[in-house]
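**Student:** Okay, here's the structure, questions in a sec.
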Ligand code: ATP
Ligand code: MG
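Numbering (my numbering), first residue to last: 3 to 299.
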């Protein structure tokens, strides 16, 4: 069974889509089949992976409305082991149209169920709202990854999200875990960043990811080229930090899951470089060798 990770924070512009695209790409580059589902009517993950706007293409809206099968919605990307279910701005209608529907919070979970055997990771990019779309993602997910910026009132900003996670656990999805909290657009040189990090560490403990994502222009440029950062500029700090985050998340998985993962991953141990031109074959040499991962399992 694959692991479904929702990337969520109701605050806008905190790096959800950048994290969803680059995390999913890093999993795929580690040679595990990965699916990115764009659950946001803004469709930034869709365009960020180079798909044009196309109202006729089957997208997440059709999936939620039961008008298409997940197989019909899958699109390939420039990474061989990454697929996407795209979005379109008409997805905004689902928020209203689903209000009266049966199992309205379970639509995405039900739709993705047949795909869970085929993908090791399914990453859900959520909109900046605690609406029915985000609710569907949190009900479909095994875990939520929360990107946030190191700001002064950081904790207050996400209390509403954490309350929502609690409510979902109490009713709709008791298994929902917090995969981690990841600091984005991080500038470690500032005192404020350090203070906020200390506070978040006290609050979240191990859930605060050790990997932070620096502010990096390559991460902001890559979507306009329709590419994840590891294809646009694999040596950039941005691409490298998401590869590290993927590795950290893989290492956090229960041991049975990571053992299975290691069998599937062909780990590139000879230190060969990531080749931007060899897009589809790009590998993540930083994923640890099996023996190294064993200790953490
Ligand atoms: P929304 O809430 O609108 O969906 P979001 O949370 O998905 O936004 P992003 O779209 O990922 O946030 O990022 C917001 C903006 O910041 C984008 O222009 C993106 O390119 C830029 N950005 C994100 N992360 C970084 C980073 N680490 N370094 C530089 N720019 C970044
Ligand atoms: Mg977004």
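Where is the CB? At the ideal position from N, CA and C, for every residue including glycine.
#1: By DSSP, does residue 279 sit in helix, in strand, or in coil?
#2: Taking 8 Å as the threshold (C-beta atoms), are residue 145 and residue 41 in contact?
#3: Give the secondary structure of residue 204 by DSSP, where H, G and I count as helix, E and B as strand, and everything else as coil.
#4: Spell out whether any CB of chain B is found under 8 Å from the CB atom of residue 216.
#5: Count the other C-beta atoms from every protein chain shown that fall within 10 angstroms of the C-beta of residue 125, then say buried if there are 16 or more, exposed otherwise.
#6: Per DSSP, what are the beta-bridge partners of residue 37 in this structure?
#7: DSSP three-state call for residue 5: helix, strand or coil?
#8: Using alpha carbons as the reference points, say which of 24, 92, 32 lies closest to residue 57.
#9: Helix, strand or coil for residue 245 per DSSP?
#10: Roughly how many angstroms lie between the CA atoms of residue 252 and residue 103, to the nearest whole one?
#11: Under the three-state reduction of DSSP, which class applies to residue 145: helix, strand or coil?
#12: What residue range is occupied by the uninterrupted alpha helix (DSSP H) comprising residue 30?
#13: Which residue's Cα is closest to the Cα of residue 206: 164, 84, 8?
**Tutor:** On the basis of the coordinates in this document:
#1: Mapped onto the chain shown, residue 279 falls at position 277. Confidence is the limiting factor: at residue 279 the pLDDT is only 33, short of 50, which leaves the residue's position unreliable, though a coordinate-based value still follows. Residue 279: coil per DSSP, three-state reduction.
#2: Along the chain shown, one-based indexing puts residue 41 at 39. Along the chain shown, one-based indexing puts residue 145 at 143. Inclusion of residue 41 and residue 145 in the CB contact set at 8 Å is not warranted, their separation being larger than that value.
#3: Along the chain shown, one-based indexing puts residue 204 at 202. The answer is helix: DSSP assigns residue 204 an H, G or I state.
#4: Of the protein chains in this structure there is only one, and it is not chain B.
#5: What you label residue 125 is simply residue 123 of the chain shown in a count that begins at 1. Burial of residue 125 is indicated by the presence of at least 16 other C-beta atoms within 10 angstroms of its C-beta.
#6: Here residue 37 refers to the residue found at position 35 when the chain shown is read from its first residue. Residue 37 pairs with 85, 124.
#7: The sequence position of residue 5 within the chain shown is 3, counting from 1. In the structure shown, residue 5 sits in a strand (DSSP, three-state: E or B).
#8: To locate residue 57, count along the chain shown from 1; it is residue 55. Of the listed residues, the one whose Cα sits closest to residue 57 is 92.
#9: Here residue 245 refers to the residue found at position 243 of the chain shown. If DSSP states are grouped into helix, strand and coil, residue 245 belongs with the helices.
#10: Start at 1 with the first residue of the chain shown, and residue 252 comes out as number 250. Start at 1 with the first residue of the chain shown, and residue 103 comes out as number 101. Here the alpha carbons of residue 103 and residue 252 stand approximately 36 Å from one another.
#11: On the chain shown, residue 145 is found 143 positions in, with the first residue counted as 1. Correct three-state label for residue 145: strand.
#12: Position 28 of the chain shown, counted from the first residue, corresponds to residue 30. Run containing residue 30: 18-31, per the alpha helix (DSSP H) assignment.
#13: Translated into the one-based positions of the chain shown, residue 206 becomes position 204. Between residue 206 and the set 164, 84, 8, the nearest pair of CA atoms involves 164.
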